[in-house]
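A.B. asks: Sharing a structure here in structure tokens format.
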């Protein structure tokens, strides 16, 4: 515990004599850790944006690690590790810088602790809401989110992870009472703003391109279905025309009546059409009786009751 207190409690007296020394009294520009820290802060966003864009265009990590998810996880571990290294360098850079009696006041130090906690909450909840692939540039690997995240902390600010990280830098600087840490936190804020100018439009391009591909595929599918439906209707119409019986064609019963044969349907069964009443003239037996029971005209052959053919003459 004593060691922790010694690390957190700055030695104000060491730098009290530098109060009137200008900028050098607050920022030691000769410290190598200051420049290493600034370099690491600038390097990290440049690194992950360069790698992610190369992945989007060439799928290098996907091919190297056997799939988009494997590539995303490897990049996530790399970015997380670089962040840890950057934070350790930042800690060393702060301890190598002069402290400020003004920033060493308890109220400011406690404010710094509160800012650090708020920043950590924003970072952790952002990762929770986005997931590993959403946080660590999975969309550059083709792992797109199905909808826009609107839950906390994205419902209170646009870029909670970058803002939270900046608050962590600032809170640490205030806790250690290092003016150089405040300056470094300002650099972090500017670097993240510049990174967003590249990341925001490119991410929007990824999702708009994916949406355009979906619409194109849906249009092609709809056109294909419409063509198939039209072809099916055309085939059905042609089939119906080829199997239909023309209206002018007599039925089987009509042919049978003319030929004097039993009427049959298409299935070979006897037709249900009414049977015609045969006329004597159709059978060659002479004219029918005249109305009123009168005999047929003379000179016409008729059949007698005995079945003999006689001449009425």
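Numbering (the UniProt record's numbering), first residue to last: 1 to 313.
Cβ atoms here follow ideal geometry from the backbone N, Cα and C, with glycine treated the same way.
For residue 79, does the three-state DSSP call read helix, strand or coil?
C.D. replies: Numbered from 1 along the chain shown, position 79 holds the residue referred to as residue 79. Three-state result, residue 79: helix.
A.B. asks: The alpha helix (DSSP H) with residue 131 in it runs from where to where?
C.D. replies: Here residue 131 corresponds to residue number 131 of the chain shown, with the count starting at 1. Unbroken alpha helix (DSSP H) run through residue 131: 106-135.
A.B. asks: Quick one: give me the first and last residue of the alpha helix (DSSP H) that residue 43 is part of.
C.D. replies: On the chain shown, position 43 is the one that residue 43 refers to. Here the alpha helix (DSSP H) through residue 43 covers 32-58.
A.B. asks: Given residue 127, which residues of its chain have a CB within under 7 Å of its CB, disregarding the five upstream and five downstream residues?
C.D. replies: Indexing the chain shown from 1 puts residue 127 at position 127. Result list for residue 127: 135, in chain order.
A.B. asks: Tell me which residues share the same chain as residue 83 and place their Cβ nearer than 8 Å to its Cβ, disregarding the 5 neighbours each side in the sequence.
C.D. replies: Here the question's residue 83 lines up with position 83 in the chain shown. Contacts found: 44.
A.B. asks: What do you reckon, are the CB atoms on residue 119 and residue 88 nearer than 8 Å?
C.D. replies: What you label residue 119 is simply residue 119 of the chain shown in a count that begins at 1. What you label residue 88 is simply residue 88 of the chain shown in a count that begins at 1. Not in contact: residue 119 and residue 88 (Cβ atoms no closer than 8 Å).
A.B. asks: What does the Cβ neighbour count give for residue 178, buried or exposed, with the cut at 16 atoms within 10 Å?
C.D. replies: To locate residue 178, count along the chain shown from 1; it is residue 178. That one is buried.
A.B. asks: What would DSSP say about residue 160, mapped onto helix, strand or coil?
C.D. replies: Here the question's residue 160 lines up with position 160 in the chain shown. Helix.
A.B. asks: Going by alpha carbons, who is nearest to residue 401 out of 122, 201, 191?
C.D. replies: Given that the chain is displayed from residue 1 to residue 313, the structure contains no residue 401 and the question cannot be resolved.
A.B. asks: Quick check on DSSP: helix, strand or coil for residue 26?
C.D. replies: As a working mapping, residue 26 is identified with position 26 in the chain shown. Three-state result, residue 26: coil.
A.B. asks: Compare the Cα-Cα distances from residue 57 to each of 198, 66, 142 and report the closest residue.
C.D. replies: Residue numbering aside, residue 57 sits at position 57 when the chain shown is read from its first letter. Measuring from the Cα of residue 57, the nearest candidate turns out to be 142.
A.B. asks: Rounding to the nearest angstrom, what Cα-Cα distance links residue 198 and residue 205 in this structure?
C.D. replies: The residue labelled residue 198 in the question sits at position 198 within the chain shown. The residue labelled residue 205 in the question sits at position 205 within the chain shown. Going by the C-alpha atoms only, they are around 11 Å apart.
A.B. asks: For the stretch 23-39 against the stretch 61-68, do three or more pairs of beta-carbon atoms, one drawn from each stretch, fall closer than 8 Å, so that the two count as touching?
C.D. replies: Touching, no, given that fewer than three Cβ pairs across the two stretches are closer than 8 Å.
A.B. asks: If we count the other Cβ atoms within 10 Å of its Cβ and call it buried at 16 or more, is residue 39 buried or exposed?
C.D. replies: Walking along the chain shown from the start, residue 39 turns up at place 39. Looking at its Cβ environment, which holds fewer than 16 other Cβ atoms inside 10 Å, residue 39 is exposed.
A.B. asks: Which residues in the same chain have their Cβ closer than 7 Å to the Cβ of residue 49, if we skip the five residues on either side of it in sequence?
C.D. replies: The residue labelled residue 49 in the question sits at position 49 within the chain shown. Around residue 49: 195, 198, 199.
A.B. asks: What separation, rounded to the nearest whole angstrom, lies between the Cα atoms of residue 137 and residue 209?
C.D. replies: Residue 137 sits at position 137 when you count from the first residue of the chain shown. Residue 209 sits at position 209 when you count from the first residue of the chain shown. Roughly 16 Å between the two C-alpha positions.
A.B. asks: What residue from 51, 95, 86, 92 has the CA that sits closest to residue 320's CA?
C.D. replies: In the structure as shown, the chain starts at 1 and stops at 313, and residue 320 therefore has no counterpart that could be examined.
A.B. asks: In angstroms, rounded to a whole number, what distance separates the CA positions of residue 171 and residue 116?
C.D. replies: Here residue 171 is taken as the residue at index 171 of the chain shown, counted from 1. Here residue 116 is taken as the residue at index 116 of the chain shown, counted from 1. Distance between the alpha carbons of residue 171 and residue 116: 5 Å.
A.B. asks: Taking 8 Å as the threshold, find out whether the stretch 92-100 comes into contact with the stretch 28-38 through three or more Cβ pairs.
C.D. replies: Touching, yes, given that three or more Cβ pairs across the two stretches are closer than 8 Å.
A.B. asks: Does DSSP put residue 64 in a helix, in a strand, or in coil?
C.D. replies: Here residue 64 corresponds to residue number 64 of the chain shown, with the count starting at 1. Residue 64: helix per DSSP, three-state reduction.
A.B. asks: Would you tell me roughly how many angstroms separate the C-alpha atoms of residue 112 and residue 125, rounded to the nearest one?
C.D. replies: Taking the first residue of the chain shown as 1, we reach residue 112 at position 112. Taking the first residue of the chain shown as 1, we reach residue 125 at position 125. Cα to Cα, residue 112 sits roughly 20 Å from residue 125.
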